[in-house]
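2 protein chains.
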Amino acid sequence: MLNRVRSAVAHLVSSGGAPPPRPKSPDLPNAPSAQTAAPPEAPRSPPARAGSSAPAKTVEARASFSRPTFLQLSPGGLRRADDHAGRAVQSPPDTGRRLPWSTGYAEVINAGKSRHNEDQACCEVVYVEGRRSVSGAPREPSQGQGLCFYYWGLFDGHAGGGAAEMASRLLHRHIREQLKDLVEILQDPSPPPLCLPSTPGAPGSSDASHLVGPQSCWSSQKEVTHESLVVGAIENAFQFMDEQMARERRGHQVEGGCCALVVVYLLGKVYVANAGDSRAIIVRNGEIIPMSREFTPETERQRLQLLGFLKPELLGGEFTHLEFPRRIQPKELGQRMLYRDQNMTGWAYKKIELEDLRFPLVCGEGKKARVMATIGVTRGLGDHNLKVCSSTLPIKPFLSCFPEVRVYDLTQYEHCPDDVLVLGTDGLWDVTSDCEVAATVDRVLSAYEPNDASRYTALAQALVLGARGTPRDRGWRLPNNKLGSGDDISVFVIPLGGPGSYS
Amino acid sequence: MLNRVRSAVAHLVSSGGAPPPRPKSPDLPNAPSAQTAAPPEAPRSPPARAGSSAPAKTVEARASFSRPTFLQLSPGGLRRADDHAGRAVQSPPDTGRRLPWSTGYAEVINAGKSRHNEDQACCEVVYVEGRRSVSGAPREPSQGQGLCFYYWGLFDGHAGGGAAEMASRLLHRHIREQLKDLVEILQDPSPPPLCLPSTPGAPGSSDASHLVGPQSCWSSQKEVTHESLVVGAIENAFQFMDEQMARERRGHQVEGGCCALVVVYLLGKVYVANAGDSRAIIVRNGEIIPMSREFTPETERQRLQLLGFLKPELLGGEFTHLEFPRRIQPKELGQRMLYRDQNMTGWAYKKIELEDLRFPLVCGEGKKARVMATIGVTRGLGDHNLKVCSSTLPIKPFLSCFPEVRVYDLTQYEHCPDDVLVLGTDGLWDVTSDCEVAATVDRVLSAYEPNDASRYTALAQALVLGARGTPRDRGWRLPNNKLGSGDDISVFVIPLGGPGSYS
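Going down the list, the sequences are from chains A and B.
Sequential numbering of the first sequence, starting at 1, is according to full-length UniProt numbering.
Sequential numbering of the second sequence, starting at 1, is according to full-length UniProt numbering.
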């Protein structure tokens, strides 16, 4: 994530040295072993060590130089993947087991903006065993089937690779934890019970006869869909992931923060959850269907300003919640300047007062937009230690860990092998439009047989190469001679034929 | 606004008796006299009388039984318009001066839910004289031209007619006040100055050389459009209108609250500002273009919950910011219930704790959705005295007076006489879909010659009649035998041929 956090690294607890290459770690589960892994709270990730005096270097070494296990990189391969000069595109080996659904993947390291590739990725098949039956009785081993979900995650780190690495290892397990209570409910076609007993054998209370209250606004109970339970499970999983990072940051396990874009396929539906500025689109029969939106200081301006307005103590006397179109000079006191507050989308003039000379909570445009002059993305995981430059003011209260979840029903359309869901970190989208991606989808896939499972990897590579460009004229340049992306670039291409169709 | 506020009237300061019909008031300006009227703060509306002992009845008489002046109702006509049994449709007389743009208008009183019609309407041509020149020098009478805007407003009152009546008299003047500083700027094709001098003759500071700060997020100034200045002016006018109501409520001038849907046509663009659950659509060549969205406890759930979460003191220990799909019974303590918080769009289970037994801040669905079990609309003007039923807890902090403003550029399309902008209070939209309105537009307009200026009034009447229905089977019923709207219904039909085309 290029320049997303300005000068904030200095304020982070850990800032590592030059760590040795990290071999493929046996504690990063690979598909489909996740179902046997311990829950995310268990000490697979080392327990938080309050007041630990472990050297920051060791922590950095642990957190910053890993690549997704499915790339199966040797120590030599790992070094090549870490080479800013060559920027070789990495994909899973042709010879190994394919990713689920024959998913294509490619990545490339940045052009030097950070020591290591701070993007991470994960692709898993996750089995969920029910925690207990709806009736509250302990589950018999023979009782019903568990659930399986397919999972893809892209994590774009900033100010260090720790948060992205941790999220790539654990977020799907948090989702699994959240789904454990829903295993039976999701497989039962009747509407979800509104209330579940707390203790085994206690009577259920999900029938409408329990409705109370004379208030007519309560005259009926809300209908809650199975789909909205999955959405809620994913939302809460993001929150629990973020809380785990908060706990473990004290042990110096987590540095920086990350955007998270994840896809869950469960019971016929694709759930795309996005917190940050990565992006997902479906390209279906040439048509583009946006599956996410970006969360930036510009798109979330009013949420941020409202928070600053309602909780001025979060601004620490250093910032104003008002937005101005440029910095105000002290000599302009008393003049009238354009401004916007948390309620406005338009602009108006106001007389400049002393407190308007504070730095605005939100400023800048496009990729240069910043919250508190520091961070350019407003949702994601981690960042618990992030402070305003030259200050102790925390930024985390303004960041949200909650994703927006969009749902796509795979069963409502008969997909052909050329219909794909493309996920990319901002390294892709900064220099590539949705239409250009759709054109590349068409160009690359039509060059392969429909049943050639390698076509999706080829497409992911073409997308990454197209965003990176080639070295020319002192920079990485695109065919039109514009600058390519100097950021880390990671892309998943997920064919929408559904589970089993292409794998 | 049918049943929008539950049992809240009892908590309002004024609750009138049976007032005499109110004659057309000379202090309600009619087009185009507004430019000569005093500014909204001046005592055209009687000054606030703190501690006034004026009988509530008088106030009610003043505020509740007026109809738009352009209807030109005689005392007898006013009584017929106030007849719940007949529910006669009211329109401006054919014999009088047409409304600007040959706008069509029709209204009908409710079926008995409130004593008077609590909708109000306004249609004006407003002249704006600049307050001063951009350079800060006082304006010479010869210096430049003022601006003219066309204005339409629909105000749907609840818990009394005072707020709607006041807004219909004054909101356009607040807009005029806000535009006064912009008269020169809006007519100058160059980008608006970011900063204006405060004192006559002081040097301007709008050039880019004043940029300061090493921060790269400030390396350029934001571009602010003329359009966004008009949007900002309208937004602030809504706020000033609301603040004026707050001040004057102490003198018992303002009872209840109102939704506000206004249209401003200025310099080629149509600005549609909506705060509440009225609706505007454009029907253009048969196509429907939504020009507003509704603000209700359901559509604003997350904003409301966030406020309750950040400012729990506003919940007074009586409400919880969490949403539940039905009321929880005390005996369910310890069980697990579906819930949503301010961050979630999906649902999840949580263990029921004592504070979950509080009433939810947001509950109910559709027209029965309520904030604090009381009000069914979350944006609008007034409601400063609104309290939770059987409580002193104020609801106003949860209500926003800020509209959403959408802009439609009239010059980007060559409009034909059948292209119209339809504004309606929820009495129309509760029983009529956008498509049904579009079908009525087609049916009615095609029955008239394109140059027959009465066709838009005929259309407005047809829309109101279609939503009201006819008395049958102990109720007002539509042709399909469903119940018609028992609410006040008001409709503007604005032809999009532009100023002068049809008038």
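A virtual CB, placed ideally from N, CA and C, is assigned to each residue, including glycine.
The C-beta distance from Leu154 (chain B) to Ser278 (chain B) rounds to 6 Å, short enough to meet the 8 Å contact threshold.
Taking a C-beta cut-off of 8 Å against chain A, the contacting residues of the segment 175-189 of chain B are Gln178, Asp181, listed in chain order.
For the segment 445-470 of chain B, not one full-length beta strand (DSSP E) segment reaches 3 residues or more.
Contact note: Ala233 (chain B) reaches chain A through Gly346, Ala348, using a C-beta cutoff of 8 Å and chain order.
Counting only residues of its own chain and dropping the five nearest sequence neighbours on each side, Asp341 (chain A) has a CB closer than 8 Å to the CB of Gln305, Phe309, His321, Leu322, Glu323.
Closer than 9 Å to the CB of Phe402 (chain B) there is at least one CB belonging to chain A.
Among the residues facing chain A, Pro325 (chain B) is included, as its CB has a counterpart in that chain under 9 Å away.
The beta carbon of Glu255 (chain B) does not come within 9 Å of any beta carbon belonging to chain A, so the residue lies off that interface. Of all residues in the segment 221-232 of chain A, only Gln221, Lys222, Glu223, Val224, Thr225, Glu227, Ser228, Leu229, Val230, Val231, Gly232 place a beta-carbon less than 9 Å from a beta-carbon of chain B. A contact is defined here as three or more CB-CB pairs under 8 Å, and the segment 223-237 of chain A fails this definition with respect to the segment 387-396 of chain A.
A contact is defined here as three or more CB-CB pairs under 8 Å, and the segment 428-438 of chain A fails this definition with respect to the segment 405-417 of chain A.
The beta carbon of Leu338 (chain B) sits closer than 9 Å to some beta carbon of chain A. Separation of Ser190 (chain B) and Glu184 (chain B) (C-alpha to C-alpha, rounded to the nearest whole angstrom) is 11 Å. Not a single C-beta of chain B is nearer than 9 Å to the C-beta of Lys113 (chain A).
Beyond the five residues adjoining it in sequence on each side, Asp426 (chain B) comes within less than 7 Å, by CB distance, of Met1, Asp156, Asp277, Ser278, Asp487 in the same chain, given in chain order.
Under the Cβ distance rule, Ser391 (chain B) does not count among the residues neighbouring chain A, no pair being separated by less than 9 Å.
Residues of chain B with a Cβ closer than 7 Å to the Cβ of Lys351 (chain A) are, in chain order, Ser198. If you draw a 10 Å sphere on the C-beta of Gly364 (chain A), you find 16 or more other C-beta atoms in it, and that means buried.
What Leu147 (chain B) touches in chain A, judged by beta-carbon distance under 9 Å, is nothing: the nearest beta carbon there is about 16 Å away.
Note that the C-beta distance between Glu107 (chain B) and Ala81 (chain B) is below 9 Å. For Pro290 (chain B), no CB of chain A lies under 9 Å from its own CB, so it is not counted at the interface with that chain. Linking Leu478 (chain A) to Ala164 (chain A) through their CA atoms gives a straight-line distance of about 28 Å.
Per DSSP, the unbroken beta strand (DSSP E) holding Asp156 (chain B) starts and ends at 147-158. Between the alpha carbons of Asp430 (chain B) and Arg250 (chain B) lies a distance of about 34 Å. The Cβ neighbour count for Pro290 (chain A), taken over all protein chains shown within 10 Å, is under 16; the residue is labelled exposed. Here DSSP, grouped into helix, strand and coil, assigns Gly161 (chain A) to coil.
Distances from the CA of Tyr127 (chain B) to each of B:Val264, B:Pro68, B:Ala111, B:Gly86 were compared; the closest alpha carbon is that of B:Val264.
In the structure shown, Cys389 (chain A) falls within a coil segment according to DSSP collapsed to helix, strand and coil. The alpha-carbon separation between Arg97 (chain A) and Val231 (chain A) amounts to approximately 30 Å. Neighbours of Leu445 (chain A) in chain B, taken as residues whose beta carbon is under 8 Å from its own, are absent, since the nearest beta carbon is some 33 Å off. Taking the C-beta atoms as reference points, Gly497 (chain A) is found nearer than 9 Å to His415 (chain A). If only complete runs of 3 or more residues are kept, the segment 405-435 of chain A shows the beta strand (DSSP E) at 420-424, in order along the chain. Counting other Cβ atoms within 10 Å of its Cβ, Arg284 (chain B) reaches 16 or more and is therefore classed as buried.
Near chain B, meaning a CB-to-CB distance below 7 Å, the residues of the segment 297-320 of chain A are Leu310, Lys311. Going by DSSP, Arg87 (chain A) is part of no beta strand (DSSP E) at all; its letter is neither H nor E.
For Gly104 (chain A), no alpha helix (DSSP H) encloses it; the enclosing beta strand (DSSP E) starts and ends at 104-108.
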